[in-house]
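If you count by the working numbering, then the sequence shown holds residues 4 to 633, one letter each, in order. Note that beta-carbon positions come from the ideal geometry of N, C-alpha and C, so glycine has one too.
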Amino acid sequence: MQKGKINVQTENIFPIIKKFLYSDHEIFLRELVSNAVDATQKLKTISKSGDFSGELGDIAIEVTIDKKKKTLTIKDHGIGMTSEEVEKYITQIAFSGAEEFIEKYKTQTEKNPIIGHFGLGFYSSFMVSEKVEIQTKTYKKGPGTKGVKWVCDGSPNYSMEEIDKKDRGTEIILHIEKESEEFLEEHRILSLLKKYCKFLPVEIIFGTEKIYEPTGEKDKEGKEITKEVEKPRIINNTKPLWIQKPVDLKEEDYKSFYHELYPMNFDEPLFNIHLNVDYPFTLTGILYFPKVKRNFEIQKDKIQLYCNQVFVTDSVEGIVPDFLTLLHGVLDSPDIPLNVSRSYLQSDPNVKKISSHITKKVADKLEELFKNNRSDFEAKWDDIRIFIEYGMISEEKFYERAEKFCLLKNTEGKYYTLDEYKDQIKLLQTDKEKNLVYLYATNIEEQHSFIQTAKERGYDVLIMDNVLDSHFINQLERKFEKSKFARVDSDIIDKLIQKDEEIPSKLSEDQKNTLKPIIENQVDKTKFSVQFESLSESEQPILITQNEFMRRMRDMSAVGGGANYFGQLPEQYNLIVNSNHSLIIRLLEEKEVEKQNKYAKQLTDLALLSQNLLKGEELTKFIKRSTELI
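This is the structure in structure tokens:
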């Protein structure tokens with residue numbers, strides 16, 4: 004038996020591994036299974052090159068638990084190791100066999116990529132083990148190729164001896180420490196295997212499962228007879244969709260894979276983008292556009308990041324552009340390392356290139372959909388607009404691409420590109436200062452009267468009811484020359500789009516000053532500011548508007564990005580009195596103070612009711628008063 008010390012600079016590397024190298028102890032299983040996959044892929048590569056002439060046989064990786072012995076075993080039938088290789092790759096930590104192997108077989112490894120590049124993955128096993136045992140036998144024949152047993156208890160000391168081992172490959176036997184006995188539970192290991200190993204390229208077996216197979220016979224009613232069969236439980240899909248050629252796939256394949264990724268999501272994706280890049284970096288993957296609810300809720304189904312089919316993370320913020328974190332799907336790149344910090348990922352030049360490329364591919368796909376089938380694009384618009392608006396707000400390059408296919412929808416349900424809509428409204432909706440005014444509504448029902456007033460003037464009104472629209476409007480105002488957006492109820496229509504002509508007032512300034520305190524007494528002065536405007540006689544006697552700037556700031560603060568100061572302020576409204584309406588003139592002429600106040604209250608309540616601001620006791624009083632006045 005050989006004894007020795009692990010060749011490391013520090014006295015004990017294991018506390019360092021536990022504290023710094025891995026942030027989560029569960030990662031050990033990913034590392035060990037990935038090593039087993041590497042060993043198997045290496046054997047397949049060597050076999051194709053002619054350096055191994057034996058039979059591959061069953062190359063599935065087996066994961067087993069022995070609760071009595073308190074062991075967890077990962078067994079492969081890959082290349083195995085000689086005693087010299089164990090000494091080199093296990094005891095001399097700085098080495099990674101993967102790098103040396105790739106260099107030797109670089110022409111053959113393209114189809115069978117090697118996962119590991121760090122050489123430290125094996126040592127993650129000591130995070131959960133009081134002792135780790137390796138039993139291995141190389142695929143090679145001849146002297147020095149007997150089985151090897153290596154044992155280490157977590158100190159720099161280890162032992163190594165020859166053993167009789169019949170089959171090639173490696174077994175890693177973890178003697179689980181008391182604090183980590185959760186990893187002896189079947190459900191825990193099963194969940195980890197499904198999380199990290201779901202799409203590894205070599206079959207992984209863990210325990211058994213009962214399935215029902217057809218017997219080939221039918222019962223009296225003609226139904227297929229099945230029987231219960233216990234079979235090895237295969238954890239993974241070795242040929243996930245993203246490594247297959249798009250030309251070989253149908254739309255049903257993409258939908259089926261979507262539900263494989265997200266089994267609890269019953270909605271169908273809107274469409275997908277299949278990524279396949281080999282220069283200047285390697286990237287494959289499939290991104291899905293899901294249906295996103297208007298409340299912009301945090302998505303539980305996230306993009307999954309893989310490295311050579313090994314799951315890395317579903318927290319891809321900083322790796323892909325922010326607006327694309329709303330997408331679902333898979334990204335796989337060997338150029339994104341497994342064992343590094345998030346801050347490193349975010350600063351890595353390859354990651355930045357990948358991020359830019361994904362943005363470009365998404366823009367390409369959207370532009371293609373718009374050009375090839377505009378009607379279908381318009382039908383999907385309400386579901387995809389949140390992605391596009393978010394992207395245009397947050398990514399300058401995406402804005403430049405998206406302005407070609409970004410749509411605006413009016414209250415009639417018609418869609419326009421940005422340029423089309425500008426041409427549509429520029430004749431009538433240009434004010435006396437040569438500013439183009441974009442009118443919009445956030446709720447067609449609540450703002451119906453204001454919309455109708457605008458339409459009567461020949462104006463068009465957009466519907467902007469997306470949670471991001473307040474931010475999006477700000478972005479468009481910055482980009483458009485001599486343009487502004489105004490919610491249709493933010494002021495009287497003649498002030499929103501000011502023309503040269505003015506309507507004379509039927510009330511003098513003294514008469515206005517007489518009426519003003521009467522009307523002010525009917526509302527909360529801290530919320531409502533009373534103003535007189537000379538409007539058309541056909542307009543309402545009293546209207547309620549809300550300042551565009553203040554309301555927009557409040558909306559922005561509600562979804563983040565606006566000044567929180569505005570979100571904390573109470574809502575303020577303008578109460579606009581039409582100085583040309585017959586009811587306002589009648590109110591002025593009323594001599595009985597009680598009647599005058601009653602009519603004033605009725606008129607202000609009507610205005611409040613139109614804006615859904617009359618509630619509770621005040622609404623009850625209004626109904627009673629209305630009955631009395633009939």
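Within the model, the alpha-carbon separation for S613 versus Y441 is close to 23 Å. Taking the Cα of V280 as reference, the smallest distance to any Cα among E271, E255, K363 is reached at K363. A straight-line Cα-Cα distance of about 16 Å links I166 and V135. Per the coordinates, the alpha-carbon of E436 lies some 10 Å from the alpha-carbon of S486. A check of alpha carbon separations from I93 across D385, D513, F125 identifies F125 as the nearest. The Cβ atoms of H190 and K72 do not sit closer than 9 Å to each other. Ranking L410, Y282, V131, Y261 by CA distance to the CA of P272 puts Y261 first. Going by C-alpha positions, V526 is about 11 Å away from N577. For the pair S86 and V151, the CB atoms are nearer than the 9 Å cut-off. With a minimum length of 4 residues, the unbroken runs of alpha helix (DSSP H) contained wholly in the region 214-275 fall at 254-264.
Counting the other Cβ atoms within 10 Å of the Cβ of A382 gives fewer than 16, which makes it exposed. Three or more pairs of CB atoms, one per stretch, sit closer than 8 Å, so the region 582-589 contacts the region 534-544. Taking C-beta separations shorter than 7 Å and ignoring five residues to either side along the sequence, the partners of F209 in its chain run V66, I192, L193, L196, R236, I238, following chain order. Approximately 6 Å separates the beta-carbon atoms of I588 and K509; this is inside 8 Å, confirming the contact. In the DSSP assignment, H474 falls within the alpha helix (DSSP H) that extends over 472-482. In this structure, DSSP gives D281 a state outside helix and strand, which the three-state scheme calls coil. Between L329 and Y393, the gap from beta carbon to beta carbon is short of 9 Å. Counted as a single uninterrupted DSSP element, the stretch harbouring E184 is not any alpha helix (DSSP H), since DSSP gives it neither H nor E.
M84 sits in coil when the DSSP states are folded into three classes, being neither helix nor strand.
Here E595 has no same chain residue with a Cβ atom under 8 Å from its own Cβ, once five neighbours each way along the sequence are excluded. Residue environment for D222: exposed (fewer than 16 other C-beta atoms within 10 angstroms of its C-beta). The beta-carbon separation of Q307 and P204, rounded to 16 Å, does not stay under the 8 Å limit for a contact. Under the three-state reduction of DSSP output, M163 falls in the strand class. Nearest in C-alpha terms to R554, of all of E523, F625, A489, is A489. Secondary structure of Y441 (DSSP, three-state): strand. A distance below 8 Å between beta-carbons, with the five flanking residues on each side excluded, links T517 to the following residues of its chain, in chain order: L591. R377: member of the alpha helix (DSSP H) spanning 377-397, first to last residue. In the three-state scheme derived from DSSP, where H, G and I count as helix and E and B as strand, H28 is classed as coil. Only residues of its own chain outside the window of five on either side were considered, and among them L442, Y443, A444, Q450, F453, I454, A457, V464 have a CB closer than 7 Å to the CB of V491, listed in chain order. Short of 8 Å from the beta carbon of I495, and not among the five residues preceding or following it, lie these beta carbons of its own chain, in chain order: E536, L538, E542, L546, T548, I579. For R589, the uninterrupted alpha helix (DSSP H) segment begins and ends at 585-592.
Per the C-alpha coordinates, the member of T623, D338, E415 positioned closest to I447 is E415.
DSSP lists T74 as the bridge partner or partners of D69. The beta carbon of E180 sits closer than 8 Å to the beta carbons of V131, S132, E133 from its chain, once the five residues preceding and following it are set aside; these are given in chain order. Measuring C-alpha to C-alpha distances from R460 to each of E227, K355, Q501, I522 identifies Q501 as the nearest. With a threshold of 16 other beta carbon atoms within 10 Å, T211 falls short and is exposed.
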